[in-house]
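Peer 1: End of the sequence shown = 1322 in this note's numbering, gap-free, step of one.
Note that the Cβ used here is the ideal one computed from N, Cα and C, for glycine as well.
Quantities reported herein were computed from a predicted structural model and do not represent experimental measurements.
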Amino acid sequence: MTAFRRRASDVAAAALAAAGLAGAAVPVAAAAPAPTPAFACDRDSTLTLFGLDTASGTALLAAPPARDGEPPWWIELPAGGENAVYRPAGGDRPFAGSIGPGPVFAVQRCGAGCLQPVRREDGGWRPLGEPLAGDGGTVHATYDRSGTPWVVLHRPIAGDGAVEAHAFRLAAGGSWQDRGARRAVGTGTVAAVPDPSSSEGVLSGSARFTAGGPPETWVAGLPALPPERRGELLPGGVTRGVPAAMYLDAGGRFYLSEDGGESWRRSDWAPWGETRARLWQPGRDYSVDLPSGDRRPPLAVAWFDRRQPGAERLHLTSWSPGRGWAETAALPPATTTLDGALLTWDHLLRPAQGSWLLLTGCVHTAAGPGLAVRTTGPGGLSKPRFVPLLPAEP
């Protein structure tokens, strides 16, 4: 990553005084006001996660411009939320940023039926291999566990909510190898992930693609649910050679399988007690969310507990076969500034296996723009802290 004009610690104290994040521990240092960025940065601004490198933990976010009609800005946030920088997007218009163990890559249109993969390098985008044929549908990008890029194209299949998933793997020499197409269901929001059972394969919902074999379906079946409750299938790892899986239905209920999808059971577990779980309604009393990022087991799940108005809680949990559910941390769903404003944790990320990164939206202070951040690690849940956004050197 490009060096910064000033170190984050040089502006942290002034930013904390302006943003007033309670509980943050930052060295005291004098600082000159940071320049005002050209992107929109206030509590109403929308930051969008564009891609996430789960090997380094670096996240790439898109920030809206200060004026309509201008291109967005990129925010690069390394693991742990330190030394974040922003830079203009320029004329590039990539989309479908990757989430997986490698530098963020995406695709650009290169004509009718043509997609050019591009990888993030030195603050810009560079071609990644040759163009590949693709038109219509949606595009998803990831890496397998060996660090090889994959692109998976989805076309809807009329009638049953399934898609035709068509996968391409980057080969030596820069060509994109066609690894075949397969009907897929349960694809969800992160629709291409590394295969936990193979170093050279990826999953897209129920479809598996590998470097050396034909595409296949990796689960025997899914929970028997009506069409309006169909949801997202997640790989839960492999136990004694048999894949485990989790299924999150559209109503926010979990189903678990430890025998490759041969049988499923509904999970009644909740952070506030399994025996009471059926007393509360998902969507009304609580909701669940799957963080963006590393999908290796244990699978991560966030629970937003709204059962007691005024005492809402955010629970960070995980599930793995054989061990079941576990809670990592519980915290308020927002942090309070010294001026009494609430900043909600808008982005829940899984930058690496077993860790969480929680981000608020952009905060404008007298010392410049920034984000509030909390992380988990060996020491548990960190206190909220302010991470200033600094302009990257040209």
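Kindly confirm or deny that the segment 1145–1156 and the segment 1173–1193 touch, where touching means at least three C-beta pairs closer than 8 Å.
Peer 2: Enough Cβ pairs lie closer than 8 Å, so yes.
Peer 1: Per DSSP, R1110 forms a beta bridge with which residues?
Peer 2: The partner list for R1110 (beta bridge, DSSP) reads A1093.
Peer 1: If I'm right that L1176 touches L1218 with Cβ under 8 Å, what's the distance once you round it to whole angstroms?
Peer 2: With a Cβ gap of about 7 Å, L1176 and L1218 count as contacting.
Peer 1: By the 10 Å Cβ neighbour count, where 16 or more other Cβ atoms means buried, how is F1033 classified, buried or exposed?
Peer 2: Burial call: buried.
Peer 1: Contact defined as beta carbons within less than 8 Å: I believe T1304 pairs with S1283. What is the distance between those atoms, to the nearest angstrom?
Peer 2: With 8 Å as the limit, T1304 and S1283 qualify as a contact, their Cβ atoms being about 6 Å apart.
Peer 1: Between A952 and the rest of its own chain, which residues show a CB-CB distance below 7 Å, the 5 nearest in sequence each way excluded?
Peer 2: Note that A952 scores a pLDDT of 42, beneath 50, so its modelled location is shaky; the value from the coordinates is reported in the next line. For A952, where only same-chain residues beyond five positions count, the Cβ hits under 7 Å are L944, K1311, P1312, R1313, F1314.
Peer 1: Which residue comes first and which comes last in the beta strand (DSSP E) that contains Q1236?
Peer 2: First-last for Q1236: undefined, no H or E at that position.
Peer 1: Can you tell me which of the three DSSP states R1157 falls into?
Peer 2: R1157 falls in the helix class under three-state DSSP.
Peer 1: For E1160, which residues from the same chain have a beta carbon less than 6 Å from its beta carbon, with the 5 sequence-adjacent residues on both sides left out?
Peer 2: Contacts found: G1114, G1116, L1176.
Peer 1: Any idea if S1215 is buried or exposed, counting beta-carbon neighbours within 10 angstroms, 16 or more meaning buried?
Peer 2: By the neighbour-count rule (16 or more Cβ atoms within 10 Å), S1215 is not buried but exposed.
Peer 1: Assuming the contact rule is C-beta atoms closer than 8 Å, S1220 and L980 should be a hit. Round their C-beta distance to whole Å, please.
Peer 2: About 6 Å separates the two Cβ atoms, so the contact holds.
Peer 1: So H1317 and V1013 are in contact, right, with Cβ under 8 Å, and what is the actual spacing, rounded?
Peer 2: Per the sequence shown, residue 1317 should be read as Leu rather than His. Correct: roughly 7 Å between the Cβ atoms.
Peer 1: Mind reading off the beta-carbon distance from A1178 to L1162? Whole number of angstroms is fine, and I expect it under 8 Å.
Peer 2: Wrong, their Cβ atoms sit about 14 Å apart, outside the cutoff.
Peer 1: Grab me the residues of R934's own chain with a C-beta within less than 7 Å of its C-beta, minus the 5 sequence neighbours each way, in chain order.
Peer 2: Low confidence applies here, because R934 scores a pLDDT of 30, under 50, leaving its location unreliable and the question unanswered by this model.
Peer 1: R1136 to H1082, Cα distance in whole Å?
Peer 2: Distance between the alpha carbons of R1136 and H1082: 14 Å.
Peer 1: Please report the distance separating the alpha-carbon of V1035 from that of G1129.
Peer 2: Computed Cα separation, rounded: 20 Å.
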